[in-house]
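Numbering (the numbering used here), first residue to last: 24 to 348.
Beta carbons: idealized from backbone N, C-alpha and C, even for Gly.
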């Protein structure tokens, strides 16, 4: 809608006016300039006419470029906009239909970002609920069944003679390793330590377990004055750290990783830095986009950039939201 008291001019009439100005200027020059056209046309007259045509074309192109510049900016934004990087807007300038088009596009982006954030929140919450359910079933059903099998194998091995006792103890060891793997899966699906002891303890446990199973050297640096956070914020920070560690081990070929948790004003900053081979700028898979969606869920920002020396640094800035009592 046009603003009150402002007369809007359509794009058609603006282009028409630009061309009219150029043609009118050319006509005035032809009328008042001391230039005549002979028959046949002599060389100097042809040069003057062609020069005037060139000037008209250049002036017309420059004025049209100026008038259509807002549309070009809008086109560039349309081709590069990413809903996982919210806040990309164009200033509503240009007048008339162009200004209205830019304003409408900005409103559409706002609506799409809100809808995307809402749908991502529902998906992520459903995903966490499903992970919790699977972890509970693994712990209650599979874990207990394997524990019972382990105990039965132990009793059978104690009562059996050689060589059967040796085979039973070997089966017992395989079952114990499988039970440990099930427990690791349960912790990855739903870290109970996060609910029981908080974010710092959960990240400490995560990095220790990760270093043990991958052989990577992981350095932890956690600030002492971290504020209390809402459960969903702690969960997002934990999942981003988990995904960052996995990416560094699987894709970057890293040897050393630093996990830092600091306070910056009214926010908490998680930084995971590796010394791997780095990541091409356009290369963002499902894992990284998943981290961006989680960051949006809590109103945070995720930045992935080259590390100061080598490798990649993943930096999540999460606003402080107090725990609900």
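Exposed or buried, which one is residue i when buried takes at least 16 other CB atoms within 10 Å?
i           : result
residue 169 : buried
residue 321 : buried
residue 311 : buried
residue 314 : buried
residue 275 : buried
residue 146 : exposed
residue 174 : exposed
residue 233 : buried
residue 282 : buried
residue 335 : buried
residue 167 : exposed
residue 93  : buried
residue 69  : exposed
residue 189 : exposed
residue 265 : buried
residue 295 : buried
residue 85  : exposed
residue 238 : exposed
residue 242 : exposed
residue 341 : buried
residue 213 : buried
residue 77  : exposed
residue 339 : buried
residue 226 : buried
residue 89  : exposed
residue 325 : buried
residue 184 : exposed
residue 323 : buried
residue 25  : With a pLDDT of only 43 at residue 25, under 50, the local geometry of the prediction cannot be trusted, and the value read off the model is given with reservation. Exposed, because fewer than 16 other Cβ atoms sit within 10 Å of the Cβ of residue 25.
In the DSSP assignment, the beta strand (DSSP E) including residue i goes from what residue to what residue?
i           : result
residue 280 : 279-287
residue 327 : 324-329
residue 335 : 335-342
On a Cα-Cα basis, can you pick out the residue from the options that is closest to residue i?
i           : options            : result
residue 222 : 278, 164, 252      : 252
residue 285 : 299, 276, 260      : 260
residue 152 : 63, 324, 331, 255  : 255
residue 257 : 318, 296, 210, 270 : 318
residue 131 : 228, 101, 177, 224 : 101
residue 205 : 158, 330, 148      : 158
residue 125 : 98, 150, 248, 237  : 98
residue 287 : 245, 265, 270, 83  : 245
residue 44  : 80, 95, 74, 67     : 80
residue 42  : 96, 164, 182, 87   : 87
residue 269 : 247, 243, 236      : 236
residue 330 : 277, 323, 324      : 277
residue 139 : 316, 325, 73       : 316
residue 83  : 332, 327, 38       : 38
residue 134 : 155, 148, 122, 112 : 112
residue 240 : 66, 249, 230, 248  : 230
residue 211 : 182, 228, 219      : 228
residue 333 : 324, 271, 323      : 271
residue 197 : 186, 187, 172      : 172
Round the Cβ separation of residue i and residue j to the nearest angstrom and send it over; I've been treating them as touching at under 8 angstroms.
i           : j           : result
residue 293 : residue 263 : 6 angstroms
residue 279 : residue 298 : 5 angstroms
residue 343 : residue 290 : 6 angstroms
residue 161 : residue 208 : 6 angstroms
residue 176 : residue 150 : In fact, because the Cβ distance is near 36 angstroms, the residues do not count as touching under 8 angstroms.
residue 129 : residue 115 : 7 angstroms
residue 75  : residue 51  : Actually they do not touch by this definition, with Cβ atoms about 11 angstroms apart.
residue 192 : residue 180 : 5 angstroms
Taking the continuous alpha helix (DSSP H) assigned at residue i, which residues delimit it?
i           : result
residue 252 : Premise fails: residue 252 is in no alpha helix (DSSP H) and is neither H nor E.
residue 297 : Element bounds for residue 297: not the alpha helix (DSSP H) but the beta strand (DSSP E), 290-297.
residue 172 : 167-182
Cβ of residue i versus every heavy atom of the ligand NAP: is any distance shorter than 7 angstroms?
i           : result
residue 283 : Among the ligands in the structure shown, none appear at all, so the ligand NAP cannot be discussed.
Contact criterion: CB-CB distance below 8 angstroms. Does residue i meet it with respect to chain D?
i           : result
residue 340 : This model lacks chain D altogether, as it is built from one protein chain only.
Q: Let me know the beta strand (DSSP E) ranges lying completely inside the region 200-260, each 3 residues or longer, listed in chain order.
A: Segments of the beta strand (DSSP E) lying fully in the region 200-260: 240-245.
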